[in-house]
Structure formats: structure tokens, C-alpha cells
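Counting along the sequence shown from 1, when you hit position 28 you're at 102 in the working numbering, and nothing is skipped either side. Structure first, commentary second.
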Amino acid sequence: MYKLAGELSQQNARTALAAGNAAISQGQSDFDLSGLERIDSAAVAVMIEWQRQALEKKQTLQFHALPASLISLIRLYGLSEQFITPSSERH
């Protein structure tokens, strides 16, 4: 499982995107977002790009333990069906 921590925002979006793409290339399909403390709208854009990368490799990504602030952004952008499942929400 690929685990993210700290921040996923405009400040580090390119670095996070590259690291996630590398994880996908290595066969990772489960992304644990429980360690994220700070996010902004760039996090949603990065997640979309990760999904595109995974689809090109015929993989399906699963996002786990999404922070409430990220869930709010995903819902705001109308992407709930794409990213939110019962197992994706942080408990």
C-alpha cells in the first residue's frame, strides 16, 4: 500500500504526482491517505492524474482513509462516484 503523509497541495503537487506515478508503475493500487494533514484543490487534480496513469496500465486504484477536507472537495467537484467508497472514508 502506498501511504501519503503531511501535505498534498500546490506546494508539492508535482513531487507527489511523480511519487504516486512511480508507485503505480511498481504495481501499487491501494493508496492510504490517512496521513494527510493539509490539502487543497491540487490534491484532487493529482488524484485524477493518478487514476489516468493507472488506467493506462490497466490498473484500478483504491483510495483509503480520505481526510474529511478532501472528501468535501471531491464532493464539491462532483467526483464522489469516482473517489468515495465506504472503505475510502477515514474512521
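Every residue, glycine too, gets a C-beta built ideally from N, C-alpha and C.
Contacting residues, own chain, Cβ-Cβ under 6 angstroms from residue i (five flanking each side not counted)
i	result
glutamine 102	Tyr76
Proximity winner among the options, relative to residue i (alpha-carbon distances)
i	options	result
phenylalanine 105	Gly152, Leu135, Arg149 and Ala128	Leu135
alanine 139	Ile158, Ala97, Leu91 and Ala90	Ile158
proline 141	Gly109, Lys131 and Gly152	Gly109
phenylalanine 137	Lys131, Glu130, Tyr151 and Ile122	Ile122
Exposure label - residue i; buried when at least 16 CB within 10 Å
i	result
glycine 94	buried
alanine 90	buried
alanine 28	Residue 28 cannot be examined here, being either before or after the span of the chain that is shown, 75 to 165.
leucine 107	buried
alanine 79	exposed
Those residues which DSSP pairs with residue i across a bridge
i	result
tyrosine 76	Phe105
Cutoff 8 angstroms; reference residue i; Cβ partners in own chain excluding five residues on either side
i	result
valine 120	Leu82, Ala87, Ala90, Leu91 and Gly94
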